[in-house]
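Novice:
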Amino acid sequence: MLWDVAAERLLPDSLLGAGSRLTVFRNDDSLIDVVGAFVVHVDQAGGTARHFGTGHALFEPPCSGVTAITSVACSSIGKYVATAGLDGHVGIFDWASATRLTWVKVSSDERAMVHGFILDKLVVSHDGATLLLTMDGTEAFRFDHTPHRPLVAGDTLLVSNPDGGWDRIDPATGEELTHLASEMPHWDTLTPDGATLFTSPQDPVGTSLEPRPFRFTDVTTGESRELSLTIQTGGTVLLPDSRLLATTMEGVTVLDQTTGQQQGHFTTA
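In my numbering, the protein residues as written are 18 to 286.
1) To the nearest whole angstrom, what separates the beta carbons of I109 and M152, a pair I think is in contact under 8 Å?
2) Mapping the DSSP letters down to three states, classify H106 as helix, strand or coil.
3) Are the beta-carbon atoms of A74 and D111 separated by less than 8 Å?
4) Within 10 angstroms of the Cβ of L168, are there 16 or more other Cβ atoms? Answer buried if so, exposed if not.
5) On the premise that H106 lies in contact with V121, defined as a C-beta separation below 8 Å, what is that separation, rounded to the nearest angstrom?
6) From what residue to what residue does the beta strand (DSSP E) around M152 run?
7) Out of T155, R229, V236 and F42, which one is the CA nearest neighbour of L246?
8) Return the CA-CA distance between T208 and T237, expressed in angstroms with no decimal places.
9) Just to confirm, are A101 and A146 a CB contact at a threshold of 8 Å?
10) Within 10 Å of its beta-carbon, does T5 have 16 or more other beta-carbons around it, so buried, or fewer, so exposed?
11) Just the C-alpha distance for P257 and D210, rounded to the nearest angstrom, thanks.
12) So, L262 versus T253, is the Cβ gap smaller than 8 Å?
13) Take P202 and list the residues in its own chain whose beta-carbon comes closer than 8 Å to its own, dropping the five residues that flank it on each side.
14) F134 and Y97: beta carbons closer than 8 Å?
15) Which residue marks the beginning of the beta strand (DSSP E) containing Q279, and which one marks its end?
16) Opposite P230 in the DSSP bridges: which residues?
17) Identify whether H58 lies in helix, strand or coil by the three-state DSSP scheme.
18) Considering only the beta carbon of each residue, do F76 and T87 sit closer than 8 Å?
19) Within 10 angstroms of its Cβ, does D50 collect 16 or more other Cβ (buried), or is it exposed?
20) For V141, list the residues DSSP reports as bridge partners.
21) Span of the beta strand (DSSP E) holding F42?
22) Would you mind giving the Cβ-Cβ distance between Q249 and T265, rounded to the nearest angstrom? I have them listed as a contact below 8 Å.
23) For L33, does the three-state DSSP call read helix, strand or coil?
24) Which residues mark the beginning and the end of the beta strand (DSSP E) in which H203 is found?
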């Protein structure tokens, strides 16, 4: 489902590509869907779509239909789109011409994932490793034994540390800039500008109404603060305007990240 948070309304399902297994936003807020081995671009205003094949091998797992692409990432200015597949390949495409610029196999027996562009590199993961690839597919840096997916936003790259928490990496040199603690890395998210790491409590589902701490960490300084909320939530993220979005049994709740006061609510039923 797609929500217009500003207008407080649910967007119609017709905006999504037919049979889409994965949907992401481009830099212009238009939608990219994945259908099989194809990338589909949906024009919300005109109600049209363009598509192009990626070349990823198709698979037909039991009871789940035909699939090929595991993940899609767009560059910040919308010039490039990258895909990764169950076949272990990663591709980089010129968005305007749909021309494939790079095609590299990063894994022989594990599916690959793309997570985002940063500087002149693409962040990729597979089989417990995080890679930074140059635009021609050359491996610039490699981090082994990373137990969680990397986080990429703005000019921030966080790589999971095998001993816990995150290492902030300089994408130009591959060197660690700072270490950030986290008790629940697989629930962590970055704000769109990459400035803040948001950490959910250890009990993400919220089986009780006891107050639980939500942590906000400045990725540059490492300084953090906590907000105690009494809410049963299945997932929480920070909006671009720093408001907190929480899914609940009743729907979606928007909260002020400083005070915890409710600012809006959307019912999904």
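Beta carbons: idealized from backbone N, C-alpha and C, even for Gly.
Specialist: In terms of the structure at hand:
1) For the purposes of this step, residue 109 is identified with residue 92 of the sequence shown, where counting begins at 1. For the purposes of this step, residue 152 is identified with residue 135 of the sequence shown, where counting begins at 1. Correct: roughly 6 Å between the Cβ atoms.
2) To locate residue 106, count along the sequence shown from 1; it is residue 89. Under the three-state reduction of DSSP, H106 is assigned to strand.
3) Position 57 of the sequence shown, counting from 1, holds the residue named residue 74. Position 94 of the sequence shown, counting from 1, holds the residue named residue 111. Contact flag unset, no.
4) As a working mapping, residue 168 is identified with position 151 in the sequence shown. So L168 counts as buried.
5) Here residue 121 corresponds to residue number 104 of the sequence shown, with the count starting at 1. Here residue 106 corresponds to residue number 89 of the sequence shown, with the count starting at 1. Confirmed, about 7 Å.
6) Position 135 of the sequence shown, counted from the start, is the residue given in the question as residue 152. Careful: M152 lies outside any beta strand (DSSP E) and carries neither H nor E.
7) The residue labelled residue 246 in the question sits at position 229 within the sequence shown. When each option's Cα is compared against that of L246, the closest is R229.
8) Within the sequence shown, numbered from 1, the residue matching residue 208 stands at position 191. Within the sequence shown, numbered from 1, the residue matching residue 237 stands at position 220. Approximately 13 Å, taken between the alpha carbons.
9) Here residue 101 corresponds to residue number 84 of the sequence shown, with the count starting at 1. Here residue 146 corresponds to residue number 129 of the sequence shown, with the count starting at 1. No, the pair does not count as a contact, with Cβ atoms beyond the cut-off.
10) As shown, the chain starts at 18 and ends at 286. That puts residue 5 outside it, with no answer to give.
11) Position 240 of the sequence shown, counting from 1, holds the residue named residue 257. Position 193 of the sequence shown, counting from 1, holds the residue named residue 210. P257 and D210: Cα-Cα distance of roughly 8 Å.
12) For the purposes of this step, residue 262 is taken as the residue at position 245 of the sequence shown. For the purposes of this step, residue 253 is taken as the residue at position 236 of the sequence shown. Closer than 8 Å, so yes.
13) Here residue 202 refers to the residue found at position 185 when the sequence shown is read from its first residue. In chain order, P164, H165, S177, G181, G182 and W183 place their CB closer than 8 Å to the CB of P202, counting only its own chain and leaving out the 5 sequence neighbours on each side.
14) Translated into positions along the sequence shown, residue 134 becomes position 117. Translated into positions along the sequence shown, residue 97 becomes position 80. One thing to note: F134 has its Cβ within 8 Å of the Cβ of Y97.
15) Residue mapping note: residue 279 aligns to position 262 of the sequence shown, counting from 1. Start and end: Q279 to T284.
16) As a working note, residue 230 is residue 213 in the sequence shown. BP columns for P230 point to S245.
17) For the purposes of this step, residue 58 is identified with residue 41 of the sequence shown, where counting begins at 1. H58 carries a strand assignment under DSSP once its states are collapsed to helix, strand and coil.
18) On the sequence shown, residue 76 is found 59 positions in, with the first residue counted as 1. On the sequence shown, residue 87 is found 70 positions in, with the first residue counted as 1. Not a contact, by the Cβ cut-off of 8 Å.
19) To locate residue 50, count along the sequence shown from 1; it is residue 33. Counting Cβ neighbours within 10 Å, D50 comes out buried, since at least 16 surround it.
20) Start at 1 with the first residue of the sequence shown, and residue 141 comes out as number 124. Per DSSP, V131 and L148.
21) Here residue 42 is taken as the residue at index 25 of the sequence shown, counted from 1. Here the beta strand (DSSP E) through F42 covers L39 to F42.
22) To locate residue 249, count along the sequence shown from 1; it is residue 232. To locate residue 265, count along the sequence shown from 1; it is residue 248. In this structure Q249 touches T265 by the C-beta definition: roughly 6 Å separates them, less than 8 Å.
23) Here residue 33 refers to the residue found at position 16 of the sequence shown. Legend: pLDDT at L33 = 46, less than 50; position of this residue unreliable, value from coordinates given subsequently. Residue state, collapsed to three classes: coil.
24) Position 186 of the sequence shown, counted from the first residue, corresponds to residue 203. Segment: none, H203 is in no beta strand (DSSP E) and carries neither H nor E.
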